[in-house]
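Numbers given in the numbering used here equal positions in the sequence shown, counted from 1, plus 7. For each residue, glycine too, the CB sits at the ideal point set by N, CA and C. Below is one structure, written out as C-alpha coordinates, with a few remarks after it.
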Amino acid sequence: MGTGTNFDVTQYSGYVNYAVTDFIVEPIAKISKGCHTGGNTDYFDIYNTITLNKSYNSNTGIFSAYQTVDINAIGCQSRGNARTTSNAEVHAYLLLH
8 MGTGTNFDVT QYSGYVNYAV TDFIVEPIAK ISKGCHTGGN TDYFDIYNTI TLNKSYNSNT
68 GIFSAYQTVD INAIGCQSRG NARTTSNAEV HAYLLLH
(Lines of atoms letter the chains of each structure in order from A; the text may use other names.)
(Lines give C-alpha, C1' and ligand atoms only; values in the text may rest on other atoms or scores of the structure.)
Protein backbone atom coordinates (compact mmCIF):
# COMPACT_ATOMS: atom_id res chain seq x y z
CA MET A 8 0.00 0.00 0.00
CA GLY A 9 2.97 2.27 0.44
CA THR A 10 4.71 4.40 3.02
CA GLY A 11 2.90 6.73 5.40
CA THR A 12 0.63 6.78 8.43
CA ASN A 13 -2.91 6.70 6.93
CA PHE A 14 -4.03 4.48 4.07
CA ASP A 15 -7.38 4.58 2.25
CA VAL A 16 -8.44 1.07 1.23
CA THR A 17 -11.93 1.88 -0.04
CA GLN A 18 -10.81 0.99 -3.58
CA TYR A 19 -10.76 -2.68 -2.53
CA SER A 20 -14.11 -4.46 -2.64
CA GLY A 21 -15.13 -5.83 0.73
CA TYR A 22 -13.07 -3.32 2.70
CA VAL A 23 -15.85 -3.14 5.32
CA ASN A 24 -15.06 -6.76 6.21
CA TYR A 25 -11.34 -6.19 6.84
CA ALA A 26 -9.87 -6.34 10.32
CA VAL A 27 -6.67 -4.83 11.66
CA THR A 28 -5.10 -8.30 11.36
CA ASP A 29 -5.45 -8.06 7.56
CA PHE A 30 -2.70 -5.44 7.48
CA ILE A 31 1.04 -5.86 7.92
CA VAL A 32 3.33 -2.96 8.80
CA GLU A 33 7.09 -2.75 9.01
CA PRO A 34 9.29 -0.01 10.41
CA ILE A 35 11.35 2.25 8.20
CA ALA A 36 14.98 2.21 9.24
CA LYS A 37 17.00 5.40 9.34
CA ILE A 38 20.58 5.19 10.56
CA SER A 39 22.79 7.99 11.85
CA LYS A 40 26.29 7.62 13.28
CA GLY A 41 28.51 10.03 15.17
CA CYS A 42 28.17 13.59 16.37
CA HIS A 43 29.81 16.46 14.55
CA THR A 44 30.83 19.73 16.18
CA GLY A 45 33.59 21.98 14.89
CA GLY A 46 34.95 19.28 12.60
CA ASN A 47 35.46 16.80 15.46
CA THR A 48 33.70 13.46 15.53
CA ASP A 49 32.87 11.62 18.74
CA TYR A 50 31.13 8.26 18.42
CA PHE A 51 28.37 7.17 20.74
CA ASP A 52 26.20 4.19 21.56
CA ILE A 53 22.58 4.23 20.45
CA TYR A 54 19.83 2.21 22.09
CA ASN A 55 16.40 2.30 20.51
CA THR A 56 12.97 0.81 20.96
CA ILE A 57 10.43 0.62 18.14
CA THR A 58 6.75 0.06 18.84
CA LEU A 59 4.36 -0.53 15.93
CA ASN A 60 0.85 0.91 16.32
CA LYS A 61 -2.06 0.18 13.99
CA SER A 62 -5.84 0.58 13.81
CA TYR A 63 -8.55 0.15 11.20
CA ASN A 64 -11.93 1.85 10.82
CA SER A 65 -14.07 -0.38 8.60
CA ASN A 66 -16.74 2.31 8.24
CA THR A 67 -14.36 4.80 6.59
CA GLY A 68 -11.92 2.29 5.09
CA ILE A 69 -8.98 4.08 6.70
CA PHE A 70 -6.10 2.03 8.09
CA SER A 71 -3.79 4.02 10.35
CA ALA A 72 -0.33 2.91 11.40
CA TYR A 73 2.86 4.46 12.74
CA GLN A 74 5.96 3.50 14.62
CA THR A 75 6.93 5.07 17.91
CA VAL A 76 10.71 5.31 18.06
CA ASP A 77 12.48 5.89 21.38
CA ILE A 78 16.17 6.69 20.89
CA ASN A 79 18.72 7.05 23.66
CA ALA A 80 22.20 8.25 22.58
CA ILE A 81 24.92 7.90 25.18
CA GLY A 82 28.26 9.72 25.23
CA CYS A 83 27.72 12.19 22.39
CA GLN A 84 30.57 14.76 22.42
CA SER A 85 31.18 13.98 26.10
CA ARG A 86 28.03 15.97 26.88
CA GLY A 87 26.14 13.10 28.44
CA ASN A 88 23.03 11.45 27.13
CA ALA A 89 20.45 12.60 24.60
CA ARG A 90 17.03 11.01 24.36
CA THR A 91 14.08 11.55 22.04
CA THR A 92 10.79 9.85 21.24
CA SER A 93 8.82 10.46 18.07
CA ASN A 94 6.22 8.89 15.79
CA ALA A 95 7.25 8.00 12.24
CA GLU A 96 5.88 6.52 9.03
CA VAL A 97 5.78 2.80 8.26
CA HIS A 98 5.52 0.59 5.20
CA ALA A 99 2.04 -0.97 5.07
CA TYR A 100 0.72 -4.01 3.22
CA LEU A 101 -2.77 -5.44 2.80
CA LEU A 102 -3.28 -9.21 2.82
CA LEU A 103 -5.76 -10.03 0.07
CA HIS A 104 -7.54 -13.37 0.58
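By the Cβ neighbour-count rule, Val97 is buried, with 16 or more other Cβ atoms within 10 Å of its own. For Tyr63 and Thr12, the gap between their C-alpha atoms comes out near 12 angstroms. For Val23, there is no enclosing beta strand (DSSP E), as DSSP marks it with neither H nor E. Counted as a single uninterrupted DSSP element, the stretch harbouring Ser65 is not any beta strand (DSSP E), since DSSP gives it neither H nor E. In this chain, the beta strand (DSSP E) harbouring Leu101 covers Val97 to Leu101. As DSSP reads the structure, Ile57 sits in a beta bridge with Val76.
The continuous stretches of beta strand (DSSP E) do not include Val16, and DSSP gives it neither H nor E.
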